[in-house]
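Trainee:
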Amino acid sequence: MSQQDPFDPHVRLRSACACGRHASQAEHEQAASTTHDADAPVGRSLLEQTLMRALFPRDADRRNFLRAVGSRTAMAAIASVVPFSALEAMAQERGPLEKTDLKIGFLPITCSTPIVVAGAAGYYEKEGLKVSLQKTAGWAVVRDKVLAKEFDASHMLSPMPLALTMGLGATPTPMVMPVMENTNGNAITLHVKHQNNRDPKNWKGMRFAIPFEYSMHNFLLRHYLASHGLDPDRDVQLRVMAPPDMVANLRSGNIDGFIVAEPFNQRAVFDQVGFIHLLTSEIWDNHPCCAFAATREFVNSHPNTFAAMVRAIMRATAFANEAGSRKAVAELISPPNYLNQPPAVVEQVLTGRFADGLGKIRNDPDRITFEPFPWHSMAVWMLTQMKRWGYIKGDVNYRDIAERVFLATDARKRLAELGLPAPASTYRTHTIMGQTFDPMKPDAYLASLASSTAR
């Protein structure tokens, strides 16, 4: 990486100022007056800088300390004894909301349930927000409207904030993602004519729809195909398609199958044009799917508003995740202004009792779950797949990018405010297609895969 690469931690450790990032303390003071620390959880950098100056009033002492241990180690040591969460709450969140009238984008899929329920059940209003939910057709439209500031925040595919931050497919725009809206909740669906063609080794030449390149759907399908000996870039055709268009294209024979969020897999069964080949939870149980995200610029300018939005969505996530709420949630999100689907289709998805299109009634209560914690380890896996399939060129600082975008520390704090549990760590191992993924060893994981050929 070049010395000026903002993702290179060595650039930051060579500096000599209160935060360890600038050439001089004077330069630091000027920057601190106009911007936030891009690496710290939103709203924390000013507290860190103030505390550092209080602990080391003399510039020379402060510089010597930071040179000796590095800025990150210094902040970690201080955080172990200082209640940053309480300080942040006092410094930031008791202030007034910077903006109350908001536009939040969503796609008409079950992954958007927390965003929709937060509106339909009045959780935004309880936080003092007036939210207009903007139903959107496809992910490219979501991306463009967020970048154009037409949406204040939006439902996104969980890899999208990572890709946007790195400038993949669009102008580099720092993003933050504090809430994972759902886990699982997707499937690979095939046309009914393929009921006797269930072995992926026989799928050469088939055409599959994916909702977006920077999606878990793309990465999971590629991983699944490669695990069965197929090259996703040469042996099959992958077509980006808006989720609401997939069932019609399956019916007309334009595609042989698709991988997408619900309820479109179940809708293909309902319309008798497709069958569920497998749930994506059979590839990776509890895999991430969709998320709630915003630009860092918006969050830095509206920290209290952003915190209120996150609390509202987390409340809705907890409600939607209760088994006893699922039928009511299905009724709530099915109408035309939200998913525009038959309630029976949405209920099959949310309750996990469903027809698979192969003559069986399956029962899987975890077909979709609503778990809000944005695990850094999940972000690292997404980045390994971007590297694997050539979306990222060159070296990747996996952990730095993951921690910059996925606000796990902030998520833990918001969950605590709501009395909800949060994991102690932000990293864990995951089992994917029977293989353990260790986020501490991403390069070793990539090397171990059956196919790691870049495009």
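Using this note's numbering, you'd call the opening residue of the sequence shown number 578 and step up by one each time.
Think of the CB as a built atom: it goes at the ideal place given N, C-alpha and C, for glycine as much as any other residue.
Bear in mind that the values here come from a model prediction, so they are computed numbers and not experimental data.
1) Of all the options Met783, Asn761, Asn763, which has the alpha carbon lying nearest to the alpha carbon of Lys770?
2) Counting only the same chain and skipping the five closest in sequence on each side, list residues whose C-beta sits under 8 Å from that of Leu797.
3) Give the straight-line distance between the Cα atoms of Ala889 and Ser911, rounded to the nearest whole angstrom.
4) When burial is assigned at 16 or more other CB atoms within 10 Å of the CB, is Gly620 buried or exposed?
5) Taking the alpha-carbon of Leu710 as reference, which of Thr894, Asp941, Asp729, Arg981 has the nearest alpha-carbon?
6) Can you tell me where the beta strand (DSSP E) with Ala871 in it begins and where it stops?
7) What first and last residue would you give for the beta strand (DSSP E) that runs through His768?
8) Rounding to the nearest angstrom, what Cα-Cα distance links Ser601 and Asn761 in this structure?
9) Suppose only complete runs of 4+ residues qualify. What are the alpha helix (DSSP H) ranges in the stretch 942–988, listed by chain order?
10) In whole angstroms, what is the alpha-carbon distance linking Asp833 and Asn795?
11) Tell me the rounded alpha-carbon separation between Arg671 and Met1010.
12) Helix, strand or coil for Leu909 per DSSP?
13) Would you say Pro685 and Tyr975 are within 9 Å of each other, going by their C-beta atoms?
14) Determine the extent of the beta strand (DSSP E) in which Gln711 is found, giving its start and end residues.
15) Is it the case that the Cβ atoms of His732 and Ile692 are separated by a distance below 9 Å?
16) For Thr882 and Val922, I'd like the C-alpha separation in whole angstroms.
17) Let me know if Ala845 comes out buried or exposed under the rule of 16 or more other beta-carbons within 10 Å of its beta-carbon.
18) Count the other CB atoms, across all protein chains shown, that sit within 10 Å of the CB of Ala871; report buried if there are 16 or more and exposed otherwise.
19) Helix or strand or just coil, what does DSSP make of Asp1015?
20) Helix, strand or coil, according to DSSP, for Asn917 in the structure here?
21) How many angstroms separate the CA atom of Ala988 from the CA atom of Ala747?
22) Which residues mark the beginning and the end of the beta strand (DSSP E) in which Asp678 is found?
23) Looking only at its chain, what residues have a beta carbon closer than 7 Å to the beta carbon of Thr1003, apart from the 5 residues adjacent to it on each side?
24) Since I believe Asn877 is in contact with Phe947 (beta carbons under 8 Å), could you give me their beta-carbon distance rounded to a whole number of angstroms?
25) Using only CA atoms, which one of Val973, Leu927, His805 lies nearest to Gln843?
26) Nearest to Met886 by alpha carbon, out of Glu758, Ile945, Gly744?
27) Taking only the alpha-carbon atoms, compute the straight-line gap between Ile938 and Arg930 and give it to the nearest angstrom.
28) Please report the distance separating the alpha-carbon of Arg644 from that of Trp716.
29) Is DSSP giving Ile836 helix, strand or coil here?
30) Whole angstroms are fine: how far does the CA of Thr961 sit from the CA of Asn831?
31) Please go through the same chain and pick out, in chain order, the residues whose beta-carbon is closer than 6 Å to the beta-carbon of Ala695, but skip the five residues on each side of it.
32) Taking a contact to mean a Cβ-Cβ separation below 9 Å, would you say Val756 touches Pro942 in this structure?
33) Taking the alpha helix (DSSP H) that Gly696 falls in, what are its first and last residues?
34) For Thr755, name the three-state secondary structure that DSSP assigns.
35) What does the Cβ neighbour count give for Glu665, buried or exposed, with the cut at 16 atoms within 10 Å?
36) Give me the residue from Asp848, Thr677, Ala803 with the minimum Cα distance to Lys703.
Mentor: Judging by the given coordinates:
1) The shortest C-alpha separation from Lys770 is found at Met783.
2) The answer, listed in chain order, is Asn763, Ile836, Thr857, Ile860, Trp861, His864.
3) Rounded to the nearest angstrom, the two C-alpha atoms are 20 Å apart.
4) In this predicted model, Gly620 has a pLDDT of only 42, less than 50, meaning its place in the structure is not dependable enough to derive any value.
5) The residue among Thr894, Asp941, Asp729, Arg981 with its C-alpha nearest the C-alpha of Leu710 is Asp729.
6) Its beta strand (DSSP E) spans residues 867–872.
7) Run containing His768: 763–768, per the beta strand (DSSP E) assignment.
8) In this prediction, Ser601 scores a pLDDT of 45, lower than 50, which makes its location untrustworthy; the coordinate-derived value is nonetheless stated afterwards. If you draw a straight line from the Cα of Ser601 to the Cα of Asn761, it comes to about 48 Å.
9) Those alpha helix (DSSP H) runs which fall completely within the stretch 942–988 and span 4+ residues are 953–965, 975–982.
10) Cα to Cα, Asp833 sits roughly 16 Å from Asn795.
11) Any reading at Arg671 is ruled out, since the residue's pLDDT is 48, under 50, leaving its predicted position unreliable.
12) Leu909: helix per DSSP, three-state reduction.
13) With contacts defined as CB atoms closer than 9 Å, Pro685 and Tyr975 fail to qualify as a contacting pair.
14) Where Gln711 is concerned, the enclosing beta strand (DSSP E) stretches over 707–712.
15) Yes, Cβ-Cβ distance for His732 and Ile692 is below 9 Å.
16) Computed Cα separation, rounded: 35 Å.
17) Counting Cβ neighbours within 10 Å, Ala845 comes out buried, since at least 16 surround it.
18) The residue is buried, with at least 16 neighbouring Cβ atoms inside 10 Å.
19) Coil, per DSSP.
20) In the structure shown, the three-state DSSP call for Asn917 is coil.
21) Whole-angstrom Cα-Cα distance: 27 Å.
22) Where Asp678 is concerned, the enclosing beta strand (DSSP E) starts and stops at 678–683.
23) So the qualifying residues of the chain are Trp952, His953, Ala985.
24) Cβ atoms of Phe947 and Asn877 stay farther apart than 8 Å, at about 28 Å.
25) When Val973, Leu927, His805 are compared, the shortest CA-CA separation from Gln843 is found for Leu927.
26) Comparing alpha carbon positions, the residue from Glu758, Ile945, Gly744 closest to Met886 is Glu758.
27) So the two alpha carbons sit approximately 7 Å from each other.
28) The straight-line gap from Cα to Cα measures roughly 44 Å.
29) DSSP, read as helix, strand or coil, puts Ile836 in strand.
30) Going from the Cα of Asn831 to the Cα of Thr961 covers about 31 Å.
31) Within the same chain, Cβ atoms closer than 6 Å to the Cβ of Ala695 are found at Tyr701, Ala889, Ile890, Ala893, the five residues on either side in sequence being excluded.
32) No. Outside cutoff.
33) That run of the alpha helix (DSSP H) goes 690–697.
34) For the record, residue 755 in the displayed sequence is Pro; it is not Thr. Pro755: strand per DSSP, three-state reduction.
35) Since pLDDT at Glu665 reaches only 47, below the 50 mark, its modelled position is unreliable, and the value read off the structure follows with that caveat. So Glu665 counts as buried.
36) Ranking Asp848, Thr677, Ala803 by Cα distance to Lys703 puts Thr677 first.
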